[in-house]
Each structure stands twice: as structure tokens, then as C-alpha cells.
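Colleague: Okay, here's the structure, questions in a sec.
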Amino acid sequence: GNSVTQMEGPVTLSEEAFLTINCTYTATGYPSLFWYVQYPGEGLQLLLKATKADDKGSNKGFEATYRKETTSFHLEKGSVQVSDSAVYFCALSDHGSNYQLIWGAGTKLIIKP
Amino acid sequence: NAGVTQTPKFQVLKTGQSMTLQCAQDMNHNSMYWYRQDPGMGLRLIYYSASEGTTDKGEVPNGYNVSRLNKREFSLRLESAAPSQTSVYFCASRRFFGAAGELFFGEGSRLTVL
């Protein structure tokens, strides 16, 4: 069945450091891929998405490229800020999962000033 | 911009008590969802409603029931609460039932069952 695996946290970085959070997936079809972010005390919100191979999603300085050959959708940001501290979730959706989102376990990111 | 509104935000129950979590969205979305979030486990789908008038079980439906009251409202009921149901519950909605749609989440309801 479909599944999403993302790197365990917490990930602790200093401000202005480069960020990578790894996400790999298993899917029977051609899924859409998502990154959601959850700030403390809030619900999740969409950060970016990609719907087909080689698409790059981007938002707020974050980027992720849909790599079908490596079944990956890694999240990157060139220079993180304290305000980026949050939990990041990778997810997929396709007909094989009846269009329900299949979620990774989440990666907590802590940025120190 | 209200988006998705959940009530209550916090609730403490004793084992065996019942309660209903309410959810309403004002975005005219067709699909609505209930998730639970537990530490280290990500989000798990409890029930969903692909469109008004339909409901279906998700990954962890046992111990829960739902009602899609109308297009706006989707409630989650715990008939006899158990400590294993201590969790943070999120309601979400999506415009259409399909692969690429964005989910919009409420702020969550933190439930503790003693």
C-alpha cells in the first residue's frame, strides 16, 4: 500500500543555516505530493505541493521537487529563520489511497537564534 | 475569514462519558474529514465525508461515529470515551474529493479521557 517516510526529528539548526528534510514515498499510481506545516498550537496548513514528476513546489522560501526516479520529495530552504520553527509533514494522495492523504510522522524543526 | 471552526478547543472526560466534537466550514467545500494526532504517529484519519450525504470509515474508526449534518457541518461523536482516545482532534475540509486538493484544517480540539 501507499506510505510516506520522513526523517525523524527533532532537527535543530542555527538561524540562516541550510535546511533539508527528507521525504520518500511508496505509491501504486502517480500521486500528488504535499508538505504541510504545523506551527505551535495551530492546525496544519499547506506549505507547497507538486502534482506530477519533476514539478517543483515553492512557497515562503521553501522548495521541494517531485522526483519519480527516487520516489522522493525532499523539503529545502536556503536560510532558515527562528519563525520557521514548526512541525513539517510530508503527505501523498492518489487514487490508490482513495484520494485520502497518507501522512508521514512529522519532523519537528527547531531554529536557534 | 473563519475557515474551519472546531468546538470545543479543550475537553476533559471521564471514562465512559460521551461527547460530540463540532466542526463547521464556511468555504463551501464538498469534502470534510476528522483526524486524530498522537505524538510520533502523524495524522490518522478517523472518518470522512466525500460529499454531503455520505460518510466513510478511515484508518481508525472504532469508538467513533460521525454525522454530516449539512454541507457546512461535520460532527464527531465519542459514545463511551476511553483513555486511548486521549488525543488532539482535527477537522479538515477540501473543495473536491480528488488527489490534488488542499486540505484546510481547524485549530484542533484537545481531548483528555481520565
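Just so you know, the sequences run in chain order A and B. Counting in my numbering, the first sequence runs from 3 upward without gaps. Counting in my numbering, the second sequence runs from 67 upward without gaps. In this text, a Cβ means the ideal position worked out from N, Cα and C, and glycines have one as well. Since the structure is predicted, the reported quantities are computational estimates derived from the model, not experimental observations.
(1) Kindly give me the distance between the Cβ atoms of Arg49 of chain B and Glu168 of chain B, rounded to whole angstroms, as I take these residues to be in contact under 8 Å.
(2) Can you confirm whether Tyr38 of chain A, when its beta carbon is compared against all beta carbons of chain B, has any partner nearer than 9 Å?
(3) Is any beta-carbon of chain A found at less than 9 Å from that of Leu169 of chain B?
(4) Going by DSSP in three states, Ser99 of chain A sits in which element: helix, strand or coil?
(5) Is the distance from the Cβ of Lys80 of chain B to the Cβ of Val179 of chain B below 9 Å?
(6) Got a sec: is the Cβ-Cβ distance from Ala68 of chain B to anything in chain A below 9 Å?
(7) By a C-beta neighbour count over all protein chains shown, 10 Å radius and 16 as the cutoff for buried, is Lys51 of chain A buried or exposed?
(8) Run down chain A in chain order and give the residues with a C-beta less than 9 Å from the C-beta of Tyr130 of chain B.
(9) Can you pull the chain B residues whose beta carbon is under 7 Å from the beta carbon of Gly45 of chain A, in chain order?
(10) Return the CA-CA distance between Val13 of chain A and Lys58 of chain A, expressed in angstroms with no decimal places.
(11) Assuming Ser34 of chain A and Ser95 of chain A are in contact, meaning their beta carbons sit under 8 Å apart, how far apart are those beta carbons, in whole angstroms?
(12) Locate the beta strand (DSSP E) running through Glu78 of chain A, then write down its first and last residues.
(13) Determine the closest residue to Glu145 of chain B out of B:Lys75, B:Pro127 and B:Cys89, with distance taken between C-alpha atoms.
(14) Where does Asp92 of chain B sit, in a helix, a strand or coil, going by DSSP?
(15) List the residues of chain B whose Cβ lies closer than 9 Å to the Cβ of Phe75 of chain A, in chain order.
(16) Just verifying my parser: in three-state terms, what is the DSSP assignment at Val136 of chain A?
(17) Per DSSP, what kind of secondary structure is Ser74 of chain A in: helix, strand or coil?
(18) Using beta carbons (cut-off 9 Å, strictly below), is Gly124 of chain B in contact with chain A?
(19) In the DSSP output, what is Val2 of chain A paired with across the bridge?
(20) Restricting to Cα atoms, I'd like to know which of B:Phe163, B:Ala148, B:Thr120 and B:Met98 is closest to Arg138 of chain B.
(21) What residue range is occupied by the uninterrupted beta strand (DSSP E) comprising Tyr27 of chain A?
(22) Output needed for Ser141 of chain B: all residues of its chain with C-beta closer than 8 Å, excluding positions within five of it in sequence on either side, in chain order.
(23) According to the Cβ coordinates, are Thr26 of chain A and Gln8 of chain A closer than 9 Å?
Modeller: In terms of the structure at hand:
(1) The requested residue 49 of chain B does not occur in the structure, where chain B is confined to residues 67 to 180.
(2) Closer than 9 Å: yes.
(3) Under the Cβ distance rule, Leu169 of chain B counts among the residues neighbouring chain A, one pair being separated by less than 9 Å.
(4) Ser99 of chain A: helix per DSSP, three-state reduction.
(5) Remark: C-beta atoms of Lys80 of chain B and Val179 of chain B approach each other more closely than 9 Å.
(6) Among the CB atoms of chain A, none fall inside 9 Å of the CB of Ala68 of chain B.
(7) Looking at its Cβ environment, which holds 16 or more other Cβ atoms inside 10 Å, Lys51 of chain A is buried.
(8) Per Cβ cutoff of 9 Å: no residues; Tyr130 of chain B is ~16 Å from chain A at best.
(9) Going along chain B in sequence order, the residues near Gly45 of chain A (Cβ under 7 Å) are Phe156, Phe171, Gly172, Glu173 and Gly174.
(10) Rounded to the nearest angstrom, the two C-alpha atoms are 23 Å apart.
(11) At roughly 5 Å, the Cβ-Cβ gap stays under 8 Å, so Ser34 of chain A and Ser95 of chain A are in contact.
(12) Its beta strand (DSSP E) spans residues Leu77 to Lys79.
(13) Comparing Cα-Cα distances from Glu145 of chain B to each of B:Lys75, B:Pro127 and B:Cys89, the minimum goes to B:Pro127.
(14) Note: Asp92 of chain B maps to coil in three-state DSSP.
(15) Within chain B, no residue comes near Phe75 of chain A; the closest Cβ sits about 14 Å away, beyond 9 Å.
(16) No information on residue 136 of chain A is available, as it lies outside the stretch 3 to 115 that chain A covers here.
(17) Ser74 of chain A falls in the strand class under three-state DSSP.
(18) Look at Gly124 of chain B: its C-beta is under 9 Å from a C-beta on chain A.
(19) Residue 2 of chain A is absent from the structure shown; chain A starts at 3 and stops at 115.
(20) Out of B:Phe163, B:Ala148, B:Thr120 and B:Met98, the CA that lies nearest to the CA of Arg138 of chain B is found in B:Met98.
(21) Annotation for Tyr27 of chain A: the continuous beta strand (DSSP E) segment containing it runs Cys25 to Thr28.
(22) Taking C-beta separations shorter than 8 Å and ignoring five residues to either side along the sequence, the partners of Ser141 of chain B in its chain run Thr86, Leu87, Gln88, Cys89, Val132, Ser133 and Leu135, following chain order.
(23) For Thr26 of chain A and Gln8 of chain A, yes; Cβs fall inside 9 Å.
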